[in-house]
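Protein sequence lines, in the order shown, are assigned to chains C and X. FYI, my numbering numbers position 87 of the first sequence as 87, with every residue one higher than the one before it. FYI, my numbering numbers position 130 of the second sequence as 1130, with every residue one higher than the one before it.
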Amino acid sequence: MPDTRYLLLAVAVSAAVTWALRALPFTVLASLRASGTVRYLGARMPAGVMVILFVYCLRDLPLTQSRVVASLAALAVTVGLHLWRRNALLGIVGGTVVSVALASTVFAG
Amino acid sequence: MRTLSVAVGDPPRSAPASPPPLRSTALAALKDSASVGLGLLPLGLAFGVLITHAGLPWWCASLFTAVVYAGSLEFLLVNLAVAATPLAAVALTAFLVNVRHVFYALSFPLDRVRGRFGKAYSTFALTDEAYALTTGDRARSWSGARILWLQLFMQLYWVGGATAGALLGSAVPDSVTGLDFAMTALFAVLALDAVRERSGDLPTPLLALLSALVARLVLPGQMLLAAFALFTAALLVRSRKESGKESRMESRKESHMESRMESRVEESRA
């Protein structure tokens, strides 16, 4: 178990790096906002970023093992519910419930 | 909290109309946060349970979520902290996992957020989820105050969920797994919505998908960084090509419109 001082320092370091990465680019980009290329990137970035983060979440999918079924079933439920009811929360909760139910019982161990 | 009230109470100087009352702005933001934002609650619960099961004290859940406030890094930080990883390695991990946020400055509407403290909190709370919600079509008319409230509500869900999860975590047996799927579900929903909003633009999600897959295969240890770099490079190449094509496209579109109008006129004549 790490001591409290270490935990606080680790949190402080992580927070400082994260905030710097989030805040500093604005000071640089203020002068670039008028550029056509920056506007082109800015308009297309959000959709692409979310697709990349989604694939990133699936990076360790156990493709060769049967327990991959739990993740795929949960994903189908999330996407299906979201497209059907247009309700993000329902999709997230529904998929997570299916994931926990399958991973903890049928595909446990 | 103090920072937020300063920013929200700061009246917009340039706007001619009087600002909407505080309560209605906050209520509107609460509604904006109701779908995807509330998805942070189950994810937070999952994170809290993970903290307890990893053997860290419960208050780490509140501390991580309140101070670091970067979901994927916090999940990694649990493993790093348990292994007492050197701080330099923690800093490097934080940099590599979150360097993608550099790109968010391209489209996040920080110019609408007023006041130094408001801007400070808004950049601090510029998570993937906040970025997704505030760059969507619906958000185009949102004021800076509404964006700040939305960010605050989302952080409250996250901190609240994590703290509750950590306190309840010891009651959840170790055999319960699969909670971490909440994060995959959250990004599945965000990606679906973002792609649907650009329905006429299939190349963008395809390029992103391709960049992610190539990064996964070639640089699995640095997948996020590689994927973002590839995707940005691909977009830059595309913007070069399209800027040459745009003028031709525009004239073609116009002639197409004209011919349609002509045929309609003919129809009505007949």
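For every residue, glycine included, the Cβ atom is placed at its ideal position computed from N, Cα and C.
Going by DSSP, T1093(X) is part of the alpha helix (DSSP H) stretching over 1087–1098.
Assigned with DSSP and collapsed to three states, S71(C) falls in helix.
Taking the C-beta atoms as reference points, T1134(X) is found no nearer than 9 Å to S71(C). When C-alpha distances from W1158(X) are compared across I1147(X), D1193(X), T1127(X), E1242(X), the shortest belongs to T1127(X).
F1124(X) places its beta carbon less than 9 Å from that of Y1069(X).
Secondary structure remark: continuous alpha helix (DSSP H) runs of at least 4 residues inside the segment 1157–1200 of chain X, in chain order: 1181–1197.
In this chain, D1137(X) is not harboured by any alpha helix (DSSP H), its DSSP state being neither H nor E. The alpha-carbon separation between A1061(X) and I1051(X) amounts to approximately 6 Å. Neighbours of V38(C) in chain X, taken as residues whose beta carbon is under 8 Å from its own, are L1106 in chain order. Pairing L1045(X) with A1162(X) gives a Cβ-Cβ distance under 9 Å. Between A15(C) and the set R1114(X), F1064(X), G1055(X), the nearest pair of CA atoms involves F1064(X).
At the C-beta level, L1167(X) and D1032(X) stay beyond 9 Å of one another.
Linking A1091(X) to R22(C) through their CA atoms gives a straight-line distance of about 15 Å. Secondary structure of R86(C) (DSSP, three-state): coil. Among the CB atoms of chain C, one or more fall inside 9 Å of the CB of M1183(X).
Considering only A12(C), V97(C), R39(C), the residue with the shortest C-alpha distance to L1106(X) is R39(C).
With contacts defined as CB atoms closer than 9 Å, V1036(X) and L1190(X) qualify as a contacting pair. Interface criterion met: the Cβ of G1178(X) is under 9 Å from a Cβ in chain C. Of all C-beta pairs linking the segment 28–44 of chain C to the segment 1083–1098 of chain X, fewer than three are shorter than 8 Å, placing the two stretches out of contact. In the DSSP assignment, W19(C) falls within the unbroken alpha helix (DSSP H) covering 4–29.
With contacts defined as CB atoms closer than 9 Å, A1182(X) and I92(C) qualify as a contacting pair. Taking a contact as a CB-CB distance under 8 Å, the pair Y1131(X) and Y1104(X) counts as one, their CB atoms being some 5 Å apart.
Close to chain C, meaning a Cβ-Cβ distance shorter than 7 Å, are the following residues of the segment 1115–1130 of chain X: T1123, F1124, L1126, D1128.
By the Cβ rule, the segment 1095–1104 of chain X counts as touching the segment 1207–1226 of chain X, because three or more pairs are nearer than 8 Å.
At a cut-off of 9 Å between C-beta atoms, R1198(X) counts as an interface residue with respect to chain C.
Put simply, of V1237(X), L1077(X), A1171(X), F1187(X) the residue whose alpha carbon is nearest the alpha carbon of P1203(X) is V1237(X). Around the beta carbon of K1241(X), fewer than 16 other beta carbons sit within 10 angstroms, so the residue counts as exposed.
In the structure shown, F107(C) adopts coil according to DSSP, grouped into three states.
In this structure, L1192(X) is the residue among L1207(X), L1230(X), L1192(X), A1226(X) with its C-alpha nearest to the C-alpha of L75(C). When only Cα atoms are considered, A1029(X) and S99(C) end up about 30 Å apart. In the DSSP annotation of this structure, W1058(X) is not part of any alpha helix (DSSP H), being labelled neither H nor E.
As the crow flies, the alpha-carbon of A1188(X) is around 6 Å from that of F54(C).
Within chain X, no C-beta atom comes nearer than 9 Å to that of A73(C); the closest sits roughly 10 Å away. Contacts between G1144(X) and chain C, judged by CB atoms closer than 9 Å, are missing: the closest CB pair is about 14 Å apart. Just so you know, the alpha carbons of A1208(X) and A1233(X) end up roughly 11 Å apart.
Between G1144(X) and R1112(X) a beta carbon distance of about 4 Å is seen, short of the 8 Å cut, so the two are scored as contacting.
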